[in-house]
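Chemist: Mind looking over this structure? Questions follow.
Chains as they are written, first to last, in this note's numbering: chain G, 28 to 265; chain F, 28 to 265.
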């Protein structure tokens with residue numbers, strides 16, 4: 028393990044630090060597999076669309092996720108990691124999440140796309156500040172590419188206007204999605220030392236970047252606040 | 028209906044000819060919806076992949092189809108047509124094709140991707156020569172973007188090497204796919220006057236471009252010959 032030189036005390040994390048590097052490979056691995064899976068699931072949900080234009084919209088969201096996947100995979104390869112190997116530890120939890128949250132219809136699929144994308148964007152933004160400059164640029168670049176949310180918000184609001192009973196069912200669905208995401212994320216982090224060291228590096232005192240414990244609590248508060256805001260935007264109580 | 032000026036006897040079809048224009052809108056409509064649906068189905072089949080790398084490969088093939096879709100849709104809009112309306116007549120036959128050919132497993136999904144993509148490319152090439160210069164450039168541009176076939180050929184050959192019984196089942200499957208494609212195409216063309224006039228314009232004597240009847244027979248012969256070649260490339264009898 029290497030340390031920053033004394034002359035550059037705030038040089039930030041360095042990829043030639045093997046502990047930091049392992050954490051970044053883990054992080055890019057989980058993000059890459061999450062994006063690949065989001066692509067496949069969103070694209071499949073597009074088949075539920077009632078109109079061709081809707082199908083094309085959801086397909087477009089899926090394709091954006093695939094672009095993110097390729098960026099993350101290529102970065103893993105650049106770092107000398109085997110992308111498949113880096114993603115492998117996250118196959119079971121990510122697939123488990125999707126199996127326990129298969130949308131029953133088109134509207135549930137849309138809410139899942141919007142809620143999942145939103146939490147993903149928030150998490151990317153939170154974690155970006157602990158990354159080395161290059162990895163940070165990649166993660167922030169992925170963020171810029173999102174933003175099909177107006178379509179989802181409009182469609183859900185229209186569906187509720189047409190049949191107000193829809194709101195209760197979709198509100199429950201949104202809460203279940205958020206709960207499943209948080210519990211899967213927690214379980215995954217608990218099993219991956221390098222990854223959780225990156226996130227709670229400040230707490231471990233090991234010279235790694237990351238949140239301290241109070242900050243982790245605040246991060247979760249921010250994630251759930253933003254989730255609540257998104258649910259409200261769709262006309263749903265969170 | 029306008030005719031080429033005498034001074035330019037071989038000027039080719041013109042978009043200000045309403046009959047030709049209607050045929051092009053029909054053609055772009057069926058191609059666009061075929062690509063959108065191919066995207067959705069291929070992406071969903073990617074979930075059947077045994078390995079992450081395989082999943083990413085099939086996902087990449089799907090994304091190429093989505094790019095084609097957006098090119099075709101944008102061209103429809105450029106021509107002043109409503110893309111959704113142009114695609115609508117083809118929803119039932121294209122979805123019907125996919126419902127009657129849902130792959131039972133990963134290998135069937137791969138063969139379908141390869142066979143479908145191959146026949147699509149052949150058909151684009153056949154029809155391109157009857158199009159005005161701009162539409163032709165678009166259709167030929169879509170063609171350039173394909174070519175993930177090496178991956179499929181290798182994977183199918185490996186699967187047959189590992190278990191030779193696979194070959195018989197997949198050969199039957201490939202024949203069924205080709206049969207379903209031809210019969211759906213025939214039924215669709217029979218219902219769409221403008222479209223079939225474009226393809227058999229030479230036979231109608233109405234001044235439209237297109238094949239004469241003997242040439243249609245030869246086109247089908249070429250499509251099935253190329254299909255046979257692709258089946259053989261995978262190690263399958265056609």
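No residue lacks a Cβ here, since even glycine has one placed at the ideal position from N, Cα and C.
Source: prediction; values computed, not measured.
If you draw a straight line from the C-alpha of residue 73/G to the C-alpha of residue 133/G, how long is it?
Modeler: Straight-line Cα distance between these residues: approximately 8 Å.
Chemist: Nearest to residue 206/F by CA position, among 124/F, 166/F and 157/F, is which residue?
Modeler: Of 124/F, 166/F and 157/F, the residue nearest in Cα terms is 124/F.
Chemist: By the 10 Å Cβ neighbour count, where 16 or more other Cβ atoms means buried, how is residue 168/F classified, buried or exposed?
Modeler: Classification for residue 168/F: exposed.
Chemist: Helix, strand or coil for residue 230/F? Go by DSSP, reduced to three states.
Modeler: In this prediction, residue 230/F has a pLDDT of 48, which is less than 50 and means its spatial position is unreliable; what the coordinates show is noted afterwards. Helix.
Chemist: Run the CB neighbour count on residue 219/F, radius 10 Å, all protein chains shown included, and call it buried at 16 or more, exposed below.
Modeler: By the neighbour-count rule (16 or more Cβ atoms within 10 Å), residue 219/F is buried.
Chemist: Closest by CA to residue 212/G, which one among 40/G, 54/G and 45/G?
Modeler: Looking at the Cα atoms, 54/G is the closest of the given residues.
Chemist: How big is the Cα-Cα spacing for residue 56/F and residue 216/F?
Modeler: Approximately 13 Å, taken between the alpha carbons.
Chemist: Which residue comes first and which comes last in the alpha helix (DSSP H) that contains residue 63/G?
Modeler: Start and end: 45-73.
Chemist: Is the CB of residue 115/G under 8 Å away from at least one CB in chain F?
Modeler: Chain F contact via Cβ: present.
Chemist: Check whether the stretch 77-93 of chain F touches the stretch 43-54 of chain F, taking contact to mean three or more Cβ pairs, one atom from each stretch, closer than 8 Å.
Modeler: With a cut-off of 8 Å, the stretch 43-54 of chain F and the stretch 77-93 of chain F do not count as touching, because too few Cβ pairs lie within range.
Chemist: Quick check: what's the CA-CA separation for residue 170/F versus residue 156/F?
Modeler: Approximately 13 Å, taken between the alpha carbons.
Chemist: I need the boundaries of the alpha helix (DSSP H) containing residue 98/G, first residue and last residue.
Modeler: Where residue 98/G is concerned, the enclosing alpha helix (DSSP H) stretches over 79-105.
Chemist: Let me confirm a value: residue 109/F is counted as buried when at least 16 other C-beta atoms fall within 10 Å, else exposed. Which label applies?
Modeler: Classification of residue 109/F: exposed, given that the 10 Å Cβ count is below 16.
Chemist: Mind pulling the alpha helix (DSSP H) runs of 4 or more residues that sit fully within the stretch 97-156 of chain F?
Modeler: With a minimum length of 4 residues, the continuous alpha helix (DSSP H) runs that stay inside the stretch 97-156 of chain F are 110-114, 118-127 and 133-155.
Chemist: Is there a Cβ from chain G that is less than 8 Å from the Cβ of residue 102/F?
Modeler: False, the Cβ-Cβ gap to chain G never drops below 8 Å.
Chemist: Would you please verify whether the beta carbon of residue 78/F is less than 8 Å from any beta carbon of chain G?
Modeler: Interface residue, yes.
Chemist: Which residues bound the alpha helix (DSSP H) around residue 249/G?
Modeler: Counting along the chain, the alpha helix (DSSP H) containing residue 249/G begins and ends at 240-260.
Chemist: Is residue 131/G buried or exposed, if buried means 16 or more other CB atoms sit within 10 Å of its CB?
Modeler: Exposed, because fewer than 16 other Cβ atoms sit within 10 Å of the Cβ of residue 131/G.
Chemist: Mind checking if residue 91/G is an interface residue toward chain F, Cβ cutoff 8 Å exclusive?
Modeler: By this cut-off, residue 91/G is not an interface position.
Chemist: Do residue 70/G and residue 91/F come within 8 Å of each other at the CB atom, strictly closer than that value?
Modeler: Their beta carbons are not under 8 Å apart, which means residue 91/F does not touch residue 70/G by this criterion.
Chemist: Would residue 126/F pass as an interface residue toward chain G - the criterion being a Cβ-Cβ separation below 8 Å?
Modeler: With 8 Å as the cut-off, residue 126/F does not count as an interface residue toward chain G.
Chemist: Is there a Cβ of chain F sitting closer than 8 Å to that of residue 135/G, yes or no?
Modeler: Judged by the 8 Å Cβ criterion, residue 135/G is not in contact with chain F.
Chemist: Would you report the Cα separation of residue 63/F and residue 44/F, rounded to the nearest angstrom?
Modeler: Their Cα atoms are separated by approximately 28 Å.
Chemist: Can you have a look at residue 223/F and say buried or exposed, based on whether 16 or more other CB atoms are within 10 angstroms of its CB?
Modeler: Buried, since its Cβ has 16 or more Cβ neighbours within 10 Å.
Chemist: Taking one C-beta from the stretch 236-245 of chain F and one from the stretch 135-144 of chain F each time, how about it: are there three or more such pairs within less than 8 Å?
Modeler: These segments do not touch.
Chemist: For residue 260/F, which residues in the same chain have their Cβ closer than 7 Å to its Cβ, ignoring the five residues on either side in sequence?
Modeler: Once the five neighbours on either side are set aside, the close Cβ partners of residue 260/F are 180.
Chemist: Look up residue 201/G in the DSSP assignment and say whether it is helix, strand or coil.
Modeler: Correct three-state label for residue 201/G: helix.
Chemist: Any C-beta of chain F sitting closer than 8 Å to the C-beta of residue 105/G?
Modeler: Closer than 8 Å: no.
Chemist: Ordered along the chain, which non-local residues of its own chain (more than five positions away) have a Cβ less than 6 Å from that of residue 253/F?
Modeler: If we look at residue 253/F and ignore the five residues flanking it on each side, its Cβ neighbours are 149.
Chemist: In angstroms with no decimal places, state the Cα-to-Cα distance between residue 298/F and residue 135/F.
Modeler: Because chain F in this structure spans residues 28 to 265, residue 298/F falls outside the shown range and cannot be described.
Chemist: When burial is assigned at 16 or more other CB atoms within 10 Å of the CB, is residue 160/G buried or exposed?
Modeler: By the neighbour-count rule (16 or more Cβ atoms within 10 Å), residue 160/G is not buried but exposed.
Chemist: Would you tell me roughly how many angstroms separate the C-alpha atoms of residue 163/F and residue 95/F, rounded to the nearest one?
Modeler: Those two C-alpha atoms are separated by around 14 Å.
Chemist: Assign residue 206/F to one of three DSSP states: helix, strand, or coil.
Modeler: Helix.
Chemist: Please classify residue 256/G as buried or exposed, where buried requires at least 16 other C-beta atoms within 10 Å of its C-beta.
Modeler: Exposed: under 16 other Cβ atoms inside 10 Å.
Chemist: Along chain G, in chain order, which residues have C-beta atoms closer than 9 Å to that of residue 178/F?
Modeler: Under the 9 Å cutoff, chain G gives no residues; its nearest Cβ is about 15 Å from residue 178/F.
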